[in-house]
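Line order of the protein sequences matches chains E and U. Going by full-length UniProt numbering, the first sequence opens with residue 1, and the numbers climb by one from there. Going by full-length UniProt numbering, the second sequence opens with residue 1, and the numbers climb by one from there. By construction, the Cβ of each residue, glycine as well, lies at the ideal position given by its N, Cα and C atoms.
There are 2 protein chains.
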Amino acid sequence: MNAEAMLANPGSTERTRVRRIPELAVTDRSMLHRVLDAGLVGHLALADETGQPYALPVAYARDDESLIVHGSTASRLFRLCAAGTPVCLTVTLLDGLVLARSAFESSMNYRSVMVLGHCSVLHGKAKERGLRLISDHLMPERWNEVRKPSAQELKATAVLELPLDECSVKINADGPDDPAEDVELPVWAGRVPLIRQWGDPVPSADLKPEYGAIPEYVRRWNQRTS
Amino acid sequence: MNAEAMLANPGSTERTRVRRIPELAVTDRSMLHRVLDAGLVGHLALADETGQPYALPVAYARDDESLIVHGSTASRLFRLCAAGTPVCLTVTLLDGLVLARSAFESSMNYRSVMVLGHCSVLHGKAKERGLRLISDHLMPERWNEVRKPSAQELKATAVLELPLDECSVKINADGPDDPAEDVELPVWAGRVPLIRQWGDPVPSADLKPEYGAIPEYVRRWNQRTS
Chain E
1 MNAEAMLANP
11 GSTERTRVRR
21 IPELAVTDRS
31 MLHRVLDAGL
41 VGHLALADET
51 GQPYALPVAY
61 ARDDESLIVH
71 GSTASRLFRL
81 CAAGTPVCLT
91 VTLLDGLVLA
101 RSAFESSMNY
111 RSVMVLGHCS
121 VLHGKAKERG
131 LRLISDHLMP
141 ERWNEVRKPS
151 AQELKATAVL
161 ELPLDECSVK
171 INADGPDDPA
181 EDVELPVWAG
191 RVPLIRQWGD
201 PVPSADLKPE
211 YGAIPEYVRR
221 WNQRTS
Chain U
1 MNAEAMLANP
11 GSTERTRVRR
21 IPELAVTDRS
31 MLHRVLDAGL
41 VGHLALADET
51 GQPYALPVAY
61 ARDDESLIVH
71 GSTASRLFRL
81 CAAGTPVCLT
91 VTLLDGLVLA
101 RSAFESSMNY
111 RSVMVLGHCS
121 VLHGKAKERG
131 LRLISDHLMP
141 ERWNEVRKPS
151 AQELKATAVL
161 ELPLDECSVK
171 INADGPDDPA
181 EDVELPVWAG
191 RVPLIRQWGD
201 PVPSADLKPE
211 YGAIPEYVRR
221 WNQRTS
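Written as structure tokens, this is what we have:
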């Protein structure tokens with residue numbers, strides 16, 4: 001595996017210091033933000049009262065130096081998060097496969113952020129703003145078009161904030177790093193990128209013909225940089 | 001959100017029963033396998049001695065009714081997994097966005113599997129076979145070409161097995177499910193698929209010209225069904 005960057009640390013502690021392959025640790029705050037802004041789904045780890053851990057897929061958005069996540073107030077595990085149980089939110093972007101000449105050096109290109117901490121619950125305007133940030137992150141420019149949450153819908157939704165205080169960033173962006181003797185082996189080596197893009201929008205079966213034009217902003221989503 | 005299927009349960013317990021939106025629970029064992037076989041990266045949740053949970057991105061493969069993961073024997077968290085601490089391995093495939101007429105009904109299309117349990121450590125032939133399964137899963141047909149792990153490389157790698165005993169599958173594959181009054185709103189609604197495909201292979205800078213032909217099996221990777 002290979003390093004991409006190693007700069008000043010974005011909020012590392014003994015718990016988040018990248019121990020295993022420290023040259024993969026990226027310590028540039030702007031890179032932390034870029035990875036989080038490029039991701040769509042995170043995995044929120046928490047343990048329940050029995051000590052059983054869970055990794056829950058969650059939508060999220062970055063709000064400056066925090067992450068915002070939302071979930072149902074009826075969810076047992078989400079209620080634990082709201083109560084401040086320790087969590088870890090990991091966002092991983094798989095960028096491709098690294099085809100080395102050996103099984104051992106074969107790996108993946110990826111960008112991954114891990115955030116440790118405790119969530120706090122957002123209320124009132126901050127809560128509504130959090131929901132909008134998640135919409136803006138996943139579906140840019142959609143918010144102004146949709147019906148906003150009703151009081152009842154807001155009541156059914158918990159919006160949590162997790163500060164980006166304690167976090168790590170790992171990036172592997174290079175090709176294989178085979179030792180000299182393996183480079184002589186008669187096998188192709190390199191990397192195979194994984195490409196992610198939006199496909200053609202599929203209209204809802206109940207869409208009124210007069211509202212059938214696909215919004216321009218949806219077409220722009222494939223121009224987002226990641 | 002909408003249901004896709006609801007059949008006999010693949011190994012549900014009180015802990016993995018899908019409580020929140022039970023119509024999203026998919027209880028077909030073959031669907032469990034298909035989601036796991038289509039995924040590339042999972043997130044392994046575990047808590048350390050202090051109770052701090054982590055979600056670690058991991059490569060994995062399915063071996064019949066188990067998952068295989070590998071990691072460094074030098075990794076603190078991986079050693080905890082090897083010692084049998086409770087874990088949760090979640091595989092999530094994001095398939096697209098669901099653009100409803102309201103913020104509240106807007107959601108994602110996804111397939112997600114959560115497996116709870118304890119890992120056991122594989123040794124000897126079972127360990128080598130586990131490594132091959134991960135290679136075959138991520139890089140089909142690559143194994144025969146690469147240099148196999150040396151004794152030292154095997155020593156540096158832990159290969160763990162997690163049985164598919166206690167698991168849940170959630171799938172959301174449909175478009176928006178807006179209430180009748182929202183269907184009247186003057187806004188486009190539908191879903192936007194997220195497409196994942198392999199890009200053009202990039203040769204390693206140190207690739208010998210005589211080994212420069214891109215393997216046919218790499219070209220076939222985009223024909224894998226997911």
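- Sufficient close CB pairs (3 or more, under 8 Å) joining the stretch 162–173 of chain E to the stretch 97–116 of chain E: yes
- With a cut-off of 8 Å on the beta carbons, I'd call proline 201 of chain E and valine 218 of chain E a contact; round off their distance for me. Here residue 201 of chain E is taken as the residue at index 201 of the first sequence, counted from 1. Here residue 218 of chain E is taken as the residue at index 218 of the first sequence, counted from 1. Indeed they touch by this definition, with Cβ atoms about 6 Å apart.
- Query: Between the beta-carbon of alanine 99 of chain U and the beta-carbon of methionine 31 of chain E, is there less than 8 Å?
  - Reply: The residue given as residue 99 of chain U occupies position 99 in the second sequence. The residue given as residue 31 of chain E occupies position 31 in the first sequence. First, the residue type needs correcting, since residue 99 of chain U is leucine and not alanine in the sequence shown. Not a contact, by the Cβ cut-off of 8 Å.
- Item | Close-in-space but distant-in-sequence residues of the same chain around aspartate 37 of chain U (CB under 7 Å, 5 per side omitted) | Taking the second sequence and counting its residues from 1, one reaches residue 37 of chain U at position 37. For aspartate 37 of chain U, where only same-chain residues beyond five positions count, the Cβ hits under 7 Å are Arg62.
- Once you ignore the five residues that flank arginine 191 of chain U on each side, which residues in its own chain have a CB closer than 7 Å to its CB? Along the second sequence, one-based indexing puts residue 191 of chain U at 191. Hits under 7 Å: Gly96, Leu97, Val98, Leu99, Asn109, Gly175.
- Where do the N-terminal and C-terminal ends of the beta strand (DSSP E) with serine 137 of chain E fall, by residue? The residue you call residue 137 of chain E lines up with position 137 of the first sequence. With the sequence shown as reference, residue 137 of chain E is identified as histidine, and serine is not the correct amino acid for it. From DSSP, histidine 137 of chain E is part of no beta strand (DSSP E) but of the alpha helix (DSSP H) over 124–138.
- serine 102 of chain E CB to nearest chain U CB: under 8 Å? Taking the first sequence and counting its residues from 1, one reaches residue 102 of chain E at position 102. Closer than 8 Å to some Cβ of chain U, the Cβ of serine 102 of chain E qualifies, so yes.
- Message: If you follow the beta strand (DSSP E) that valine 113 of chain U is in, where does it begin and where does it stop?
- Response: The residue given as residue 113 of chain U occupies position 113 in the second sequence. Here the beta strand (DSSP E) through valine 113 of chain U covers 107–118.
- Query: Since isoleucine 214 of chain E meets chain U, which of its residues come closer than 7 Å, beta carbon to beta carbon?
  - Reply: The count along the first sequence starts at 1 and reaches residue 214 of chain E at position 214. Ordered by position in chain U, the residues that pass the 7 Å Cβ test against isoleucine 214 of chain E are Trp188.
- Write down the C-beta distance between leucine 122 of chain U and glutamate 161 of chain U rounded to the nearest angstrom, noting that I regard them as a contact closer than 8 Å. Working through the second sequence from its first residue, we reach residue 122 of chain U at position 122. Working through the second sequence from its first residue, we reach residue 161 of chain U at position 161. Right, their Cβ atoms sit about 6 Å apart.
- Could you check how far apart the C-beta atoms of tryptophan 188 of chain U and tyrosine 211 of chain E are, in whole angstroms? I think they sit under 8 Å. On the second sequence, residue 188 of chain U is found 188 positions in, with the first residue counted as 1. On the first sequence, residue 211 of chain E is found 211 positions in, with the first residue counted as 1. Between tyrosine 211 of chain E and tryptophan 188 of chain U the Cβ distance is about 6 Å, and since that is below 8 Å, they are a contact.
- Using a beta-carbon distance below 8 Å, is methionine 108 of chain E in contact with chain U? In the first sequence, the residue the question calls residue 108 of chain E occupies position 108. It does: the Cβ of methionine 108 of chain E has a partner Cβ on chain U nearer than 8 Å.
- Message: Check whether chain E comes within 8 Å of valine 146 of chain U, counting only Cβ atoms and requiring the distance to be less than that.
- Response: Counting from 1 along the second sequence, the entry for residue 146 of chain U is found at position 146. Cβ-Cβ to chain E under 8 Å: yes for valine 146 of chain U.
- Quick one: what does DSSP say serine 72 of chain U is sitting in, helix, strand or coil? To locate residue 72 of chain U, count along the second sequence from 1; it is residue 72. Correct three-state label for serine 72 of chain U: strand.
- Message: Would cysteine 88 of chain E pass as an interface residue toward chain U - the criterion being a Cβ-Cβ separation below 8 Å?
- Response: The sequence position of residue 88 of chain E within the first sequence is 88, counting from 1. By this cut-off, cysteine 88 of chain E is an interface position.
- Which residues in the same chain as arginine 15 of chain U place their Cβ atom closer than 8 Å to its Cβ, once the five residues preceding and following it in sequence are excluded? Walking along the second sequence from the start, residue 15 of chain U turns up at place 15. Hits under 8 Å: Leu116, Glu166.
- Note down, in chain order, every chain U residue with its Cβ under 9 Å from the Cβ of isoleucine 195 of chain E. Locating residue 195 of chain E in the first sequence gives position 195, counting from the first residue. Ordered by position in chain U, the residues that pass the 9 Å Cβ test against isoleucine 195 of chain E are Ile195, Arg196, Gln197, Trp198, Gly199.
- Residue-chain proximity (arginine 34 of chain E, chain A), Cβ-Cβ < 8 Å: Although the question refers to chain A, the structure presented lacks it and instead comprises the protein chains E and U.
- Where alanine 3 of chain E sits in the DSSP three-state scheme: Mapped onto the first sequence, residue 3 of chain E falls at position 3. The predicted position of alanine 3 of chain E is uncertain, since its pLDDT is 34 and thus under 50; no value can be drawn from it.
- Message: Between the alpha carbons of serine 75 of chain E and aspartate 178 of chain U, how many angstroms are there, rounded?
- Response: Counted from its first residue, the first sequence places residue 75 of chain E at position 75. Counted from its first residue, the second sequence places residue 178 of chain U at position 178. In a straight line, the C-alpha of serine 75 of chain E is about 22 Å away from that of aspartate 178 of chain U.
- Item | Coarse secondary structure for glutamine 52 of chain E, derived from DSSP in three states | Here residue 52 of chain E refers to the residue found at position 52 when the first sequence is read from its first residue. Of the three classes helix, strand and coil, the one that applies to glutamine 52 of chain E here is coil, per DSSP.
- Contact belief for valine 146 of chain U with arginine 101 of chain E at Cβ below 8 Å, rounded distance in angstroms: Along the second sequence, one-based indexing puts residue 146 of chain U at 146. Along the first sequence, one-based indexing puts residue 101 of chain E at 101. About 6 Å; that satisfies the 8 Å criterion.
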